[in-house]
Amino acid sequence: MNPDCKRIRQDILKISNVSGHGHVPSCFSVIEILYALYHTINHDPKKPSWSRRDIFVLSKGHASLGLYCVLAHFGYFDIKNVYSFGSFTSDFGCHMDRIKIPGIEASTGSLGHGIAIAVGMALGLKIKKEDSRRVYTLIGDGEANEGSVWEAIMVATNLGLNNLTIIYDNNLSHSRGLQIQNPAQRLGAFGCEAVEVDGHDISQLKKEILVVSSKPRAIIAHTKKGFGSRSLISNHYEWHRKSPTSEELKKLLRELDEETV
Amino acid sequence: MRKQFRETIMDLSNNDERIVLLFGDVSVYLFDEFKKKYPNRFYNIGICENTLISVGAGLSSQGFYPFIHTITPFITERSFEQVKLDLCYNQFGANIVSCGASFDYAWDGATHHCYTDLAILRLLPDIEIIQPGSTKELDILLRSQYNNGRTTYFRLSDYPHKIDMPVEFGKGAILKNTNSKLTVVTAGPILANVLEACKDLDINLVYFHTIKPIDKELICRFKDSEIVVIHDAFGLYEAICEVPHLNISYYGIPDEFCSCYGNVHDVRKKIGLDSVSIREKLKNKIKKYSKA
């Protein structure tokens with residue numbers, strides 16, 4: 001595991017322990033994706049509203065703690081501030097508020113919204129002819145149960161929004177429910193240029209994030225929910241909305257160190 | 001009223017490149033001229049109302065003034081969460097312009113009737129709710145509100161009234177003040193029926209085109225009278241009730257689906273919102289005051 005991604009996961013665990021909040025396995029599946037993204041796209045942590053920045057919308061908003069920790073790593077704010085996560089006076093809610101947090105482009109939480117807002121953002125960049133800028137959105141495979149996800153994808157492909165990249169976190173979170181078995185074929189059939197990568201391979205992710213084609217791009221990132229922790233992977237349903245006790249924290253941190261994934 | 005919508009948009013667009021139209025496969029032919037003149041600012045997105053709203057939010061984030069337009073029940077009831085979160089909560093202001101409200105599309109049946117839009121949308125923070133009753137009201141209110149950065153809902157009608165009065169956002173109008181102990185309050189196109197019903201009766205008549213924010217100051221001037229809200233939708237009554245301690249009742253939509261067809265006049269007659277039925281209702285109401 002990349003050392004930075006390990007530190008980010010350590011932050012997530014500690015903050016979840018202190019706050020009693022966090023969708024830890026959901027966050028763990030997307031850390032390499034977010035890390036690769038912010039290493040690749042045009043952005044400036046000191047000027048979050050920089051007019052030439054690329055735009056990222058976290059559509060699976062319940063991975064907010066993961067995004068906060070990644071943004072803190074890249075210098076948007078001090079990680080210490082995130083320790084108030086989910087508390088009454090905190091700006092760092094369990095779902096993000098774009099008005100409060102620098103670097104957050106859209107307030108998401110209800111699934112199936114962020115991707116459609118991202119489509120509108122990509123259309124806006126097209127109308128303004130800001131061709132050097134790009135919009136990225138990260139959706140979850142569970143989120144893709146929502147019909148609005150597929151509406152948004154149809155509209156994006158119909159409008160030819162080749163400045164949009166949809167990253168699909170295929171962590172198989174919904175195997176007990178409506179699990180979409182063939183996301184690459186489906187996204188391809190809906191008109192995207194779909195590719196599949198190992199969602200924990202930073203170099204693969206970086207390479208695909210940079211690719212531009214004539215269609216909206218879909219990167220199906222095959223991930224493990226809870227990646228980095230044997231306990232989280234093997235029992236991610238129980239851990240979906242659970243925070244570690246101090247004893248459990250020690251164990252999960254140890255597992256991270258052992259990298260027994 | 002849709003033609004007025006087009007005329008006002010065409011005029012505004014001469015000087016505002018930030019206007020973008022997002023249509024849900026209605027009024028497309030009507031806006032042919034706009035489409036030819038500004039091809040990169042007209043999008044017939046498709047029959048996907050949720051995405052219409054969200055795409056409008058995304059465009060708003062990029063500095064545009066979107067006009068999201070399609071049929072009332074689908075863009076309000078179906079897309080309520082998108083309006084709530086993507087527009088209002090995110091503060092990505094946009095203009096929602098609906099057509100076919102209440103029973104304008106009576107012949108299409110209960111699936112296309114919509115009388116809850118004003119009531120549900122007014123519950124959301126950071127939204128303006130406008131029910132223009134006439135083409136003049138639409139023209140003035142659209143010009144004054146479309147680019148203020150907030151989400152504004154305009155409820156168009158195919159049956160506007162032709163009653164002329166001064167129009168200002170957020171301000172109601174007194175159309176009759178006889179110092180009566182009975183005040184009728186109404187909004188939108190149904191004014192034509194209400195005015196006809198009470199023109200020679202000893203009744204005050206107050207009219208609103210802006211449902212949110214409601215003109216509380218104006219309502220307070222009539223708080224000592226009995227107030228009857230006559231409206232072919234929900235929402236106005238609830239807005240008037242923001243003023244506490246009123247002696248107020250509602251006359252309008254029944255608690256049942258209007259499972260019938262025909263035209264708007266047929267449905268209004270069926271539910272007692274034709275001018276004859278309204279007049280009978282009001283004559284009964286004022287009897288007690290005449291006896292006193």
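Just so you know, the sequences run in chain order A and B.
At position 185 of the first sequence (counting the first as 1) the number is 185 in my numbering, and the numbers step up by one without a gap.
At position 217 of the second sequence (counting the first as 1) the number is 217 in my numbering, and the numbers step up by one without a gap.
C-beta: ideal position from N, C-alpha, C; glycine also.
This structure is a prediction, so every number in the text was calculated from the model and none was measured.
Hey, which unbroken runs of the beta strand (DSSP E) at 3 residues or more fall wholly within the stretch 105 to 146 of chain B?
-> Along the stretch 105 to 146 of chain B, the beta strand (DSSP E) occurs as fully enclosed runs of 3 or more residues at 127 to 130, listed in sequence order.
Using the beta-carbon of each residue, which ones in chain B are nearer than 7 Å to S148 (chain A)?
-> Here the neighbours are N50 and T51.
Name the chain B residues whose beta carbon is nearer than 7 Å to that of E151 (chain A)?
-> Simply C48, N50 and T51.
Among the residues of its own chain, which have a CB less than 7 Å from the CB of D198 (chain A), if the five just before and after it don't count?
-> Excluding five sequence positions before and after D198 (chain A), the CB atoms of its chain that fall closer than 7 Å to its own CB belong to Q204 and H222, given in chain order.
Along chain A, in chain order, which residues have C-beta atoms closer than 7 Å to that of G295 (chain B)?
-> The shown model of chain B, from 1 to 292, leaves out residue 295 (chain B), and the question about it has no answer.
At least one CB of chain A closer than 8 Å to the CB of S13 (chain B): is that the case?
-> Not a single C-beta of chain A is nearer than 8 Å to the C-beta of S13 (chain B).
Taking the runs of the alpha helix (DSSP H) that are 4 residues or longer, which of them lie wholly in the stretch 10 to 61 of chain B?
-> Correct list: 32 to 37 and 49 to 61.
Check the Cβ-Cβ distances between E238 (chain B) and every residue of chain A, and say whether any is below 8 Å.
-> Using beta-carbon distances, E238 (chain B) does not count as an interface residue toward chain A, since no partner is under 8 Å.
Q131 (chain B): which of B:I174, B:D232 and B:V228 sits nearest, CA to CA?
-> The residue with the shortest Cα to Cα distance from Q131 (chain B) is B:D232.
C-alpha gap between I190 (chain B) and A173 (chain B), whole angstroms | Looking at the two C-alpha atoms, the distance is approximately 15 Å.
Starting from the beta carbon of L125 (chain A), find every residue of chain B whose beta carbon is closer than 7 Å, and list them in chain order.
-> Correct list: Q62.
Please confirm if the stretch 152 to 170 of chain B is in contact with the stretch 197 to 204 of chain B, defined as three or more CB-CB distances below 8 Å between the two stretches.
-> These segments do not touch.
Output, in sequence order along the chain, the residues in the stretch 153 to 173 of chain A whose CB is closer than 8 Å to any CB in chain B.
-> Per Cβ criterion, the list reads M154, V155, N158 and L159.
In chain B, what lies closer than 7 Å to A106 (chain A) by C-beta?
-> Near A106 (chain A) (Cβ distances below 7 Å), the residues of chain B are N90.
Under 8 Å Cβ-Cβ, which residues of chain B neighbour D110 (chain A)?
-> The sequence as given places Ser at residue 110 (chain A); Asp does not occur at that position. Result: E81 and L85.
Could you pull out every residue in the same chain whose Cβ sits closer than 6 Å to the Cβ of N171 (chain A), ignoring the five residues on either side in sequence?
-> Within the same chain, S29, T223 and K225 come within 6 Å of N171 (chain A) by CB-CB distance, once the 5 residues on both sides are set aside.
Counted within 10 angstroms of its Cβ, other Cβ atoms place E146 (chain A) as buried (16 or more) or exposed | Around the beta carbon of E146 (chain A), 16 or more other beta carbons lie within 10 angstroms, which makes this residue buried.
Relative to the C-alpha of N162 (chain A), which residue among A:E255, A:V18 and A:V212 is closest?
-> Residue A:V212 is the option with its Cα nearest to N162 (chain A).
Ignoring anything shorter than 3 residues or poking outside the stretch 213 to 275 of chain B, list the beta strand (DSSP E) runs there in chain order.
-> Scanning the stretch 213 to 275 of chain B for uninterrupted beta strand (DSSP E) segments of 3 residues or longer gives 226 to 230 and 247 to 251, listed from N- to C-terminal end.
Nearest-angstrom Cβ-Cβ length linking I75 (chain B) and E33 (chain B), presumed shorter than 8 Å = Not really, about 23 Å apart at Cβ, beyond 8 Å.
Endpoints, the alpha helix (DSSP H) within which V149 (chain A) is located = Looking at the DSSP string, the run of the alpha helix (DSSP H) that includes V149 (chain A) is G147 to N158.
For a contact meaning CB atoms closer than 7 Å, what does N40 (chain B) contact in chain A?
-> Result: I127.
Relative to the alpha-carbon of K136 (chain B), which residue among B:P125, B:E168 and B:T151 has its alpha-carbon at the smallest distance?
-> The candidate whose alpha carbon is nearest that of K136 (chain B) is B:E168.
For V299 (chain B), go through chain A and note every residue whose CB falls closer than 8 Å to its CB, in chain order.
-> What the structure shows of chain B is the stretch from 1 to 292, and residue 299 (chain B) is not part of that stretch, so it cannot be assessed.
Check whether the Cβ atoms of A157 (chain B) and D104 (chain B) sit closer than 8 Å, and answer yes or no.
-> The sequence as given places Ser at residue 157 (chain B); Ala does not occur at that position. Their beta carbons are under 8 Å apart, which means S157 (chain B) touches D104 (chain B) by this criterion.
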